[in-house]
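19 is the number of the first residue of the sequence shown in the numbering used here; add one for each residue after it. Where a beta carbon is used, it is the ideal one built from N, C-alpha and C, also for glycine. These figures come from a predicted structure and were not determined experimentally.
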Amino acid sequence: MFTSIVSVKLKIVVFVLIVALFINWLLPHFLVMGQKITHKVFQQVMGFILKQQTKTYETLYSNNFILKYTQEDQDLAPLILQLAEDYLFRIEKILGIKQQKRPIPLVLYSDEEALNKSFGWSGDKSTVGVYWAGTIRLLSPRAWSENTATLGETFEREGPLAHELTHLFIDEATKGNYPRWLTEGVAQYVEAEITGFTLSEPLEESKVNLYPFSRLDNNFDQQPDQILAYWQSLQAVRNLLEKYGKESLLVLLRELRQGESFPKAFVHSYGFTFPEFEQEFKESGLK
19 MFTSIVSVKL
29 KIVVFVLIVA
39 LFINWLLPHF
49 LVMGQKITHK
59 VFQQVMGFIL
69 KQQTKTYETL
79 YSNNFILKYT
89 QEDQDLAPLI
99 LQLAEDYLFR
109 IEKILGIKQQ
119 KRPIPLVLYS
129 DEEALNKSFG
139 WSGDKSTVGV
149 YWAGTIRLLS
159 PRAWSENTAT
169 LGETFEREGP
179 LAHELTHLFI
189 DEATKGNYPR
199 WLTEGVAQYV
209 EAEITGFTLS
219 EPLEESKVNL
229 YPFSRLDNNF
239 DQQPDQILAY
249 WQSLQAVRNL
259 LEKYGKESLL
269 VLLRELRQGE
279 SFPKAFVHSY
289 GFTFPEFEQE
299 FKESGLK
């Protein structure tokens, strides 16, 4: 009788262990699936809202893009679509990533107020381009360029399209699972490769007081020295690419796409921990 009871209890314990192991194996897969579904649904919802906001806009199509714009910018619209197609091809070549999202929505706003209103931002916000939830929103160069005679050339040279399109690449490649500094660094790197444009460097005294990378994720925009935050992000990405190559970065993006946490994905991609990289990066005496 005692042996029978023990046998039953043992079977129960074994069954519970098997169930626990199964759940432990299954749960991460559900979490990854849930993250990807959430990412997709969020983009669809925001895309629907944007479609309603721009239903009175003009529409122009190209092979890979759909551009919404106002009549004030009808002469700029074909140029922007042409640039978008060119940049798409060049970004795919630079990063080694084929962009699957089609068509890619672009919106060209005639003034800063209209752009801010699309996000519900207050008037103190200022930007010339934003990637958000699968769409790229651009401020017409009429609103920020002083030379109205060469708006097309100015937009090609100084506009945010290459930068924001790279953000879309990183977001789609990882299904939204990435630290903010990484996408900002990659976007600046690609932008410099395509247009030659780079932001101003921080002061030399600022470079010796780099931010912890943990502050350059969810709180990126709240850092008091934005020039330093962007510059530091670019230098980190350049460091990784120059020392370890593009393939390691692609492995990192694939790991993140599978739902791996950034610390684990980084170790799998580079063979050492991110804190080790951060320490070496800060000790390298960047100039």
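- Contact annotation: the region 228 to 245 touches the region 189 to 198, with at least three C-beta pairs closer than 8 Å.
- Given a length threshold of 4 residues, each whole run of the alpha helix (DSSP H) inside the region 155 to 216 is given here in chain order: 169 to 176, 179 to 192 and 198 to 213.
- Sequence-distant partners of residue 233 (beyond 5 residues in either direction) whose C-beta falls short of 8 Å from its own C-beta, in its chain, are 241.
- For the pair residue 186 and residue 149, the CB atoms are nearer than the 9 Å cut-off.
- Residue 181 holds the alpha-carbon nearest to the alpha-carbon of residue 147 among 262, 61, 181 and 166.
- 125 is the residue among 125, 165 and 110 whose C-alpha sits nearest the C-alpha of residue 69.
- Here DSSP, grouped into helix, strand and coil, assigns residue 222 to helix.
- Of the residues 176, 134, 215 and 189, the one whose Cα lies closest to the Cα of residue 152 is 189.
- Only residues of its own chain outside the window of five on either side were considered, and among them 243, 245, 246 and 249 have a CB closer than 7 Å to the CB of residue 220, listed in chain order.
- Across the set 211, 288 and 109, the C-alpha of 288 shows the shortest separation from the C-alpha of residue 263.
- The beta-bridge partner set that DSSP reports for residue 123 consists of 84.
- In the DSSP assignment, residue 288 falls within the alpha helix (DSSP H) that extends over 280 to 288.
- The beta carbon of residue 72 sits closer than 7 Å to those of 86 and 125, all from its chain and outside the five residues before and after it, given in chain order.
- By the neighbour-count criterion, in which 16 or more other beta carbons inside 10 Å mark a residue as buried, residue 230 falls on the exposed side.
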